[in-house]
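Everything on this sheet refers to the single structure shown next.
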Amino acid sequence: MKGHFSRKNPFLKHADVKFFLARKNGNIAGRIASIINPEHIRLHDEKAGFFGFFECINDKEVSGALLNKVRDELKDKDMDIMRGPMNFSTNEECGFLTEGFDSSPMLMMPYNPPYYNDLMDAYGMVKSKDLYAFIYHTKERLPEKVLRVAALAEKKGISVRYIDKKNFMTDMQAFQRLYNSAWEGNWGFVPLPDEELAYNAGKLKPIAVPELTLIAEKDGEQVGFLGLVPDYNFVLKKMNGRLNPVSILKALYYSRKIQDLRLLLLGIKPEYRNRGVDALLLRYGFKGIKDGNYKRVEFSWILEDNIPVIRISEMVEGKLYKKYRIYEKAIAL
Numbered sequence: 423m424k425g426h427f428s429r430k431n432p433f434l435k436h437a438d439v440k441f442f443l444a445r446k447n448g449n450i451a452g453r454i455a456s457i458i459n460p461e462h463i464r465l466h467d468e469k470a471g472f473f474g475f476f477e478c479i480n481d482k483e484v485s486g487a488l489l490n491k492v493r494d495e496l497k498d499k500d501m502d503i504m505r506g507p508m509n510f511s512t513n514e515e516c517g518f519l520t521e522g523f524d525s526s527p528m529l530m531m532p533y534n535p536p537y538y539n540d541l542m543d544a545y546g547m548v549k550s551k552d553l554y555a556f557i558y559h560t561k562e563r564l565p566e567k568v569l570r571v572a573a574l575a576e577k578k579g580i581s582v583r584y585i586d587k588k589n590f591m592t593d594m595q596a597f598q599r600l601y602n603s604a605w606e607g608n609w610g611f612v613p614l615p616d617e618e619l620a621y622n623a624g625k626l627k628p629i630a631v632p633e634l635t636l637i638a639e640k641d642g643e644q645v646g647f648l649g650l651v652p653d654y655n656f657v658l659k660k661m662n663g664r665l666n667p668v669s670i671l672k673a674l675y676y677s678r679k680i681q682d683l684r685l686l687l688l689g690i691k692p693e694y695r696n697r698g699v700d701a702l703l704l705r706y707g708f709k710g711i712k713d714g715n716y717k718r719v720e721f722s723w724i725l726e727d728n729i730p731v732i733r734i735s736e737m738v739e740g741k742l743y744k745k746y747r748i749y750e751k752a753i754a755l
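Residues in the sequence shown are numbered from 423 upward in steps of one, following this note's numbering.
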């Protein structure tokens, strides 16, 4: 996490980010960041700034002071809207959990006390967008409809391959191109630039499983991708926040006991949508899930109005089990 906030993080080279702490009675009571991303402003043609990395005691005075500080920072930079939480953008963790507090967060998903939403309401924040998480309990086989559509895609010459860890960066560049193409036009989307790709690829390589990280191709052209990652939060819990020889041995042992996956990446090139590419990727991904003896898969996060991906989640009999909310408020003149 320390490196995430250092200048090694390429996002901080082009964005205007400031961090603040709140104290009450001499004790740290909260934190927040103000974030201005010029790429978001350019792409979406809106003067929106963000707050992120919010942590706060259950105190409206403290949360109000934190949010006021970000509001003032954004106002000084001529922003019209304050939105969040974003840590730092939609390419990373975002939103406050609003439903589904009874289960632990999957890898790279946020968790917060329920009262955070009360603090937002008290400040006058309103809903900007809701995000969904679906849970899929592994079954013996995928629904027949998925298998049938996948078979038709294969007949049309679409193939699927695993990523090659020996050429990991090359395959990550293919993911980047597909991601930027597939997500273009989505709410809140900002492209993943080369520097951020290299930074994030370095973090993903140790946990990427080739059999769960797939690229779909047609005549040598990359047309879709799917990325499942093991839920290493399970391992981190077993380490109890410690880093010593014993905890490292625990990590090695428990990494083989992970039973949950998160569907982190799924995208289809626009011109190849509705051609069964998603079903074929799911079929190959399902084989990796079964071979790895994983029990559950979380599909997250999904925009509340991203109907095609919601339908995919429902098609494999996934159930909506968590919701997250991104808030916003107009910045008064």
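Every residue gets a Cβ at the ideal spot worked out from N, C-alpha and C, and that includes glycine.
Taking only the alpha-carbon atoms, compute the straight-line gap between R505 and A754 and give it to the nearest angstrom.
For this step, residue 505 is matched to residue 83 along the sequence shown. For this step, residue 754 is matched to residue 332 along the sequence shown. Distance between the alpha carbons of R505 and A754 is about 14 Å.
Taking only three categories from DSSP, how would you classify Y533?
By 1-based counting over the sequence shown, the position of residue 533 is 111. Reduced to three states, the DSSP call for Y533 is coil.
Nearest by alpha-carbon distance to Y746: which of R563, F523, G448 and K491 is it?
Here residue 746 corresponds to residue number 324 of the sequence shown, with the count starting at 1. When only C-alpha atoms are compared, the closest one is F523.
Return the bridge partner residues of M508 from the DSSP annotation.
Sequence index remark: in the sequence shown, residue 508 carries index 86 (1-based). DSSP output for M508 lists C516 as bridge partner(s).
Can you look up D713 in the DSSP assignment and give me helix, strand or coil?
To locate residue 713, count along the sequence shown from 1; it is residue 291. DSSP places D713 in helix when its eight states are reduced to three.
Please report how far the alpha carbon of L725 lies from the alpha carbon of W605, in whole angstroms.
Looking up residue 725 in the sequence shown gives position 303. Looking up residue 605 in the sequence shown gives position 183. If you take the alpha carbons of L725 and W605, they lie about 11 Å apart.
Assuming L794 contacts F647 under a Cβ cut-off of 8 Å, what Cβ separation, rounded to an integer in Å, is found between them?
As shown, the chain starts at 423 and ends at 755. That puts residue 794 outside it, with no answer to give.
Judging by CA-CA distance, which residue of Y537, I637, Y554 and Y558 is the nearest neighbour of D586?
Counting from 1 along the sequence shown, the entry for residue 586 is found at position 164. The residue with the shortest Cα to Cα distance from D586 is I637.
Identify whether R705 lies in helix, strand or coil by the three-state DSSP scheme.
Position 283 of the sequence shown, counted from the first residue, corresponds to residue 705. Correct three-state label for R705: helix.
State the beta-bridge partners of Q644 as determined by DSSP.
Along the sequence shown, one-based indexing puts residue 644 at 222. Paired residue(s): E639.
Check whether the Cβ atoms of G575 and G698 lie closer than 7 Å to each other.
Position 153 of the sequence shown, counting from 1, holds the residue named residue 575. Position 276 of the sequence shown, counting from 1, holds the residue named residue 698. A small correction: the amino acid at residue 575 is Ala; Gly does not occupy that position in the sequence shown. Yes, they are a contact pair.
Can you tell me whether F441 is buried or exposed, with buried defined as 16 or more other CB within 10 angstroms of its CB?
For the purposes of this step, residue 441 is taken as residue 19 along the sequence shown, with counting starting at 1. Label assigned to F441: exposed.
By DSSP, does A451 sit in helix, in strand, or in coil?
What you label residue 451 is simply residue 29 of the sequence shown in a count that begins at 1. If DSSP states are grouped into helix, strand and coil, A451 belongs with the strands.
What distance in whole Å lies between the Cβ atoms of L519 and N534, which are believed to be in contact at a cut-off of 8 Å?
For this step, residue 534 is matched to residue 112 along the sequence shown. For this step, residue 519 is matched to residue 97 along the sequence shown. That pair is a contact at about 5 Å.
Could you check the C-alpha separation between S456 and E495 for me, to the nearest Å?
The sequence position of residue 456 within the sequence shown is 34, counting from 1. The sequence position of residue 495 within the sequence shown is 73, counting from 1. Their Cα atoms are separated by approximately 7 Å.
Report the three-state DSSP secondary structure of A596 (helix, strand or coil).
Residue 596 sits at position 174 when you count from the first residue of the sequence shown. Helix.
Roughly how many angstroms separate the alpha carbons of L541 and F476, rounded to a whole number?
Residue numbering aside, residue 541 sits at position 119 when the sequence shown is read from its first letter. Residue numbering aside, residue 476 sits at position 54 when the sequence shown is read from its first letter. Distance between the alpha carbons of L541 and F476 is about 11 Å.
Counting only runs of 4+ residues fully inside the segment 520 to 586, write out the alpha helix (DSSP H) ranges in chain order.
Runs of the alpha helix (DSSP H) inside the segment 520 to 586: 537 to 545 and 566 to 577.
For K430 and I629, what's the separation of their Cα atoms in angstroms?
Translated into positions along the sequence shown, residue 430 becomes position 8. Translated into positions along the sequence shown, residue 629 becomes position 207. Computed Cα separation, rounded: 21 Å.
Starting from L687, trace the beta strand (DSSP E) both ways and give me its first and last residue.
For the purposes of this step, residue 687 is taken as residue 265 along the sequence shown, with counting starting at 1. First-last of the beta strand (DSSP E) with L687: D682 to I690.
Which residues bound the alpha helix (DSSP H) around L489?
In the sequence shown, residue 489 corresponds to position 67, counting from 1. Counting along the chain, the alpha helix (DSSP H) containing L489 begins and ends at K482 to D498.
CA-CA distance, T592 and E643?
As a first step, residue 592 must be located in the sequence shown, where it is residue number 170. As a first step, residue 643 must be located in the sequence shown, where it is residue number 221. Spanning the two alpha carbons is a distance of roughly 14 Å.
Go ahead and pull the three-state DSSP assignment for Y675.
By one-based count along the sequence shown, residue 675 stands at place 253. Reduced to three states, the DSSP call for Y675 is helix.
So, with DSSP's three-state summary, where would you put F611?
On the sequence shown, residue 611 is found 189 positions in, with the first residue counted as 1. Correct three-state label for F611: coil.
Just the Cα atoms here: how many angstroms apart are D616 and D467?
Indexing the sequence shown from 1 puts residue 616 at position 194. Indexing the sequence shown from 1 puts residue 467 at position 45. One C-alpha to the other measures close to 23 Å.
Going by CA-CA distance only, name the one from I729, L658, D543 and P692 that's closest to S526.
Walking along the sequence shown from the start, residue 526 turns up at place 104. Checking every option, the nearest Cα to that of S526 belongs to L658.
Locate the beta strand (DSSP E) running through I748, then write down its first and last residues.
As a first step, residue 748 must be located in the sequence shown, where it is residue number 326. Taken as a continuous stretch (DSSP letters only), the beta strand (DSSP E) holding I748 covers K741 to A752.
Can you tell me which residues form a DSSP beta bridge with D438?
Within the sequence shown, the letter at position 16 stands for residue 438. Partner(s): I458.
I want to know whether the segment 541 to 559 touches the segment 693 to 707 - three or more CB-CB distances under 8 Å.
In short, these stretches do not touch, since the Cβ pair count stays below three.
Starting from G474 and walking both ways along the beta strand (DSSP E), at which residues does that stretch end?
Sequence index remark: in the sequence shown, residue 474 carries index 52 (1-based). Segment A470 to C478, the beta strand (DSSP E) holding G474.
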